[in-house]
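Asks: full-length UniProt numbering numbers the first residue of the sequence shown as 2 and each following residue consecutively. C-beta atoms are modelled at their ideal positions from N, C-alpha and C, and glycine is treated no differently. This is the structure, below, for whatever I ask next.
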Amino acid sequence: SKQKTWSDRFESALNPAIAIFNASIGFDIELIEYDITGSIAHAKMLAKTKIISDAEAQQLESGLSQIRTEYQQGNFNPGIEAEDVHFAVEKRLIEIVGDVGKKLHTARSRNDQVGTDIRLYLRAEIREIQQYLRKFQSALLTHSEQHVETLIPGYTHLQRAQPLSLAHHLLAYFQMTQRDWERLEDVYKRTNISPLGCGALAGTTFPIDRAYSAELLGFDNIYQNSLDGVSDRDFAIEFLCAASLIMVHLSRLSEEMILWASQEFSFITLKDTCATGSSIMPQKKNPDIPELVRGKTGRVFGHLQGLLVIMKGLPLAYNKDLQEDKEGIFDAVKTVKACLEAMTILLNEGIEFKTARLSQAVAEDFSNATDVADYLAGKDVPFREAYNLVGKVVKTSLAAGKLLKDLTLEEWQQLHPAFEADIYEAIAPKQVVSARNSYGGTGFDQVRQAISQAKSLLNT
Ligand code: ARG
């Protein structure tokens, strides 16, 4: 009959369907390198505290290292009978080093073990995602430097509002992803805390040294309460929050790119390496990349919601429900990295801004109306009065099929005697943008300063 996993309290093996249902090896194999690293630190700690001998710790370490090599070379593929990665490694260790392998689990439980593994995994992935964010930001910066004086319509309510420097528009995404980077920095702090040595829930009777194993593993701190240590997944929820916000930002940019690539906007051209066609409509060129990024946002939000719901009803301490934390975390990590990479490639080689079309776009609307009102307000006409007056001009111009720049000086002066010949200069698109030179505004000087600040952030 099949070998059973549990102590001699058990007389028979699990029902095969239940064994499959119970197992996590199918996905937690992802943690194997961290599991081995954690076990080596645990073995060293056991030797330092004389719970096992130095020679025994040596044997455990070399056996564990061998499993790492076997795994890396594709020669360690534990099946469902191992239940999870922790049992798989321990079982193989005993095969390799013999009975001494049975000492590894002294003063440890899979509960503090899995908590250690997932933290080691997540802290490494946080650093990776931060690198992906930096590459994405640098792609934004490259476009920004080229397009300080390229104008693009700015919208509120998706109605033409005021024209912008294209660089200013792109730098808004730089700022969002800068917050994302900083948020991950913060999540890292609460991820990098060691639960190892919390035991199953209550600590252990052995004279362990938690600070030592934590130090070996590069943790900044250790959990103060063993119950909290084995059952806390706050850091994972915080990570999924941070991941969700990254996706919000990528999804908003995606939405804009999809609009910009449409015939109605025509602000960008999609290059062949980053666009797709239709199986039936020969003329089509589709923005699949940003659409997929927008679509994948949903699954990351789902993983955040999933883990929140897993946690909300759990009594202390470990419950098997916690095994359900992993797939969502793994998938969120993979999705965020894949989306950041795809969007970075899209920015670097997949889009071209249609500058002629953009400069025509900002010249053909009433998005300089605020500037007429500002012009009058600058000549001591109270702003609200100026605002109403310009509203009237917009109405009559619309009816006459004219733009503000088409009004004669006479017409301007009939409206208000304060108008002079410099009104034409004041409402020219370039001037309108460059004049918004308040701190953080779209004025070219502001944008150039923003670019140099962004550049210096990239080097941190
Ligand atoms: N596979 C389990 C998990 O992912 C490991 C911890 C199991 N602990 C236990 N007492 N059943 O959470």
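#1: Would you mind sorting Gln415 into buried or exposed? The rule is 16 or more other CB atoms within 10 Å of its CB.
#2: Are Asp366 and Pro154 close, meaning C-beta to C-beta below 8 Å?
#3: Thinking C-alpha only, which one of Gln67, Arg191, Phe445 and Ile428 is nearest Glu239?
#4: Tell me the rounded alpha-carbon separation between Asp332 and Gly39.
#5: When the distance is taken between beta carbons, is Thr345 closer than 8 Å to Thr300?
#6: What I want to know is whether the C-beta of Lys335 ends up closer than 7 Å to one or more non-hydrogen atoms of the ligand ARG.
#7: Within 8 Å, do at least three Cβ pairs link the stretch 124-138 to the stretch 80-95?
#8: Have a look at Leu309 and Leu202 and give me their C-alpha separation to the nearest angstrom.
#9: Ends of the alpha helix (DSSP H) at Thr70?
#10: What separation, rounded to the nearest whole angstrom, lies between the Cα atoms of Val433 and Lys297?
#11: Do you know whose CA, among Pro418, Phe354 and Glu350, lies nearest Lys380's CA?
#12: Counting only beta-carbon separations shorter than 8 Å, does Gln60 have a partner in chain D?
#13: Could you give the distance in angstroms between the alpha-carbon of Arg385 and the alpha-carbon of Gln163?
#14: In its own chain, which residues sit with a C-beta less than 7 Å from the C-beta of Leu121, not counting the 5 before and 5 after it?
#15: Going by Cα to Cα distance, which pick from Thr205, Leu251, Arg211 and Cys199 is closest to Val231?
#16: Out of Ile33, Val86 and Leu47, which has the shortest C-alpha to C-alpha gap to Ala24?
#17: Quick one: what's Phe266 bridged to in DSSP?
#18: Return helix, strand or coil for Gln284, following the three-state DSSP convention.
#19: What I want to know is whether the C-beta of Leu217 ends up closer than 7 Å to one or more non-hydrogen atoms of the ligand ARG.
#20: Measure the CB-CB distance between Val294 and Phe236 and report whether it falls below 8 Å.
#21: Near Asp118, what residues of its chain come up, given a Cβ to Cβ distance below 7 Å and the 5 sequence neighbours on each side ignored?
#22: Quick check: is any heavy atom of the ligand ARG less than 7 Å from the C-beta of Ser227?
#23: Which first and last residues belong to the alpha helix (DSSP H) in which Arg191 is found?
#24: Hey, Leu47 and Ala125: beta-carbon distance below 8 Å or not?
#25: Which same chain residues, not among the five before or five after His169, have their C-beta less than 7 Å away from its C-beta?
#26: Between the beta-carbon of Gln246 and the beta-carbon of Asp326, is there less than 8 Å?
#27: What separation, rounded to the nearest whole angstrom, lies between the Cα atoms of Gln138 and Thr371?
#28: Is Lys321 near the ligand ARG - that is, is its Cβ less than 7 Å away from at least one heavy atom of it?
#29: Residue ranges of each alpha helix (DSSP H) run of no fewer than 4 residues wholly in the stretch 217-250, ordered along the chain?
#30: Compute the Euclidean distance between the alpha carbons of Leu359 and Leu241, then round it to the nearest angstrom.
#31: Consult DSSP for Pro208 and reduce its assignment to one of helix, strand or coil.
#32: Which value, in whole angstroms, describes the spacing of the CA atoms of Ser2 and Ile281?
#33: Taking 7 Å as the cut-off, is the CB of Ser25 close to at least one heavy atom of the ligand ARG?
#34: Between the C-alpha atoms of Ile26 and Ala14, what's the straight-line distance to the nearest angstrom?
#35: Less than 8 Å between the CB atoms is what I'm expecting for Leu142 and Thr178, so what's the real figure, rounded?
#36: List the whole-angstrom C-beta distance separating Lys272 from Glu146, where the pair is believed to meet the contact cut-off of C-beta under 8 Å.
Replies: This is what the structure gives:
#1: Label assigned to Gln415: exposed.
#2: Against a cut-off of 8 Å, the Cβ pair of Pro154 and Asp366 comes out as a contact.
#3: The residue with the shortest Cα to Cα distance from Glu239 is Arg191.
#4: Distance between the alpha carbons of Asp332 and Gly39: 23 Å.
#5: Reading off the sequence shown, one finds Arg at residue 300, where the question assumed Thr. No, the pair does not count as a contact, with Cβ atoms beyond the cut-off.
#6: No, since every heavy atom of the ligand ARG falls outside the 7 Å radius drawn around the Cβ of Lys335.
#7: The stretch 80-95 vs the stretch 124-138: no contact.
#8: Those two C-alpha atoms are separated by around 21 Å.
#9: Segment Asp55 to Gln73, the alpha helix (DSSP H) holding Thr70.
#10: For Val433 and Lys297, the distance between alpha carbons rounds to 38 Å.
#11: Ranking Pro418, Phe354 and Glu350 by Cα distance to Lys380 puts Pro418 first.
#12: Looking at the structure shown, chain D is missing, and only one protein chain is on hand.
#13: Whole-angstrom Cα-Cα distance: 18 Å.
#14: Closer than 7 Å at Cβ, skipping near neighbours: Tyr35, Thr38, Gly39 and Leu218.
#15: Answer by Cα proximity: Cys199.
#16: Of Ile33, Val86 and Leu47, the residue nearest in Cα terms is Val86.
#17: None; Phe266 has no bridge partner.
#18: The answer is coil: DSSP assigns Gln284 none of H, G, I, E or B.
#19: Outside the cutoff, so no.
#20: In this structure, Phe236 does not lie closer than 8 Å to Val294 by Cβ.
#21: Counting only Cβ-Cβ distances below 7 Å, and skipping sequence neighbours, we find Leu32, Tyr35, Asp36 and Gly39.
#22: Ser227 has its Cβ no nearer than 7 Å to any heavy atom of the ligand ARG.
#23: Segment Leu167 to Thr192, the alpha helix (DSSP H) holding Arg191.
#24: Contact: no.
#25: Within the same chain, Cβ atoms closer than 7 Å to the Cβ of His169 are found at Thr443 and Val448, the five residues on either side in sequence being excluded.
#26: The question names Gln, but residue 246 in the sequence shown is Leu. Not in contact: Leu246 and Asp326 (Cβ atoms no closer than 8 Å).
#27: One C-alpha to the other measures close to 32 Å.
#28: Yes; taking the cut-off as 7 Å, the Cβ of Lys321 has a heavy atom of the ligand ARG nearer than that.
#29: List check, alpha helix (DSSP H) in window: 227-232.
#30: Straight-line Cα distance between these residues: approximately 38 Å.
#31: Coil at Pro208, not helix or strand.
#32: Bear in mind that the predicted position of Ser2 carries a pLDDT of just 42, short of 50, making it unreliable; the figure below should be weighed with that in mind. Answer to the nearest angstrom: the Cα atoms are 58 Å apart.
#33: Under cutoff, so the answer is yes.
#34: Their Cα atoms are separated by approximately 17 Å.
#35: Contact doesn't hold; Cβ gap of about 11 Å is too wide.
#36: Between the beta-carbon of Lys272 and that of Glu146 there is about 20 Å, and that puts the pair past the 8 Å contact cut.
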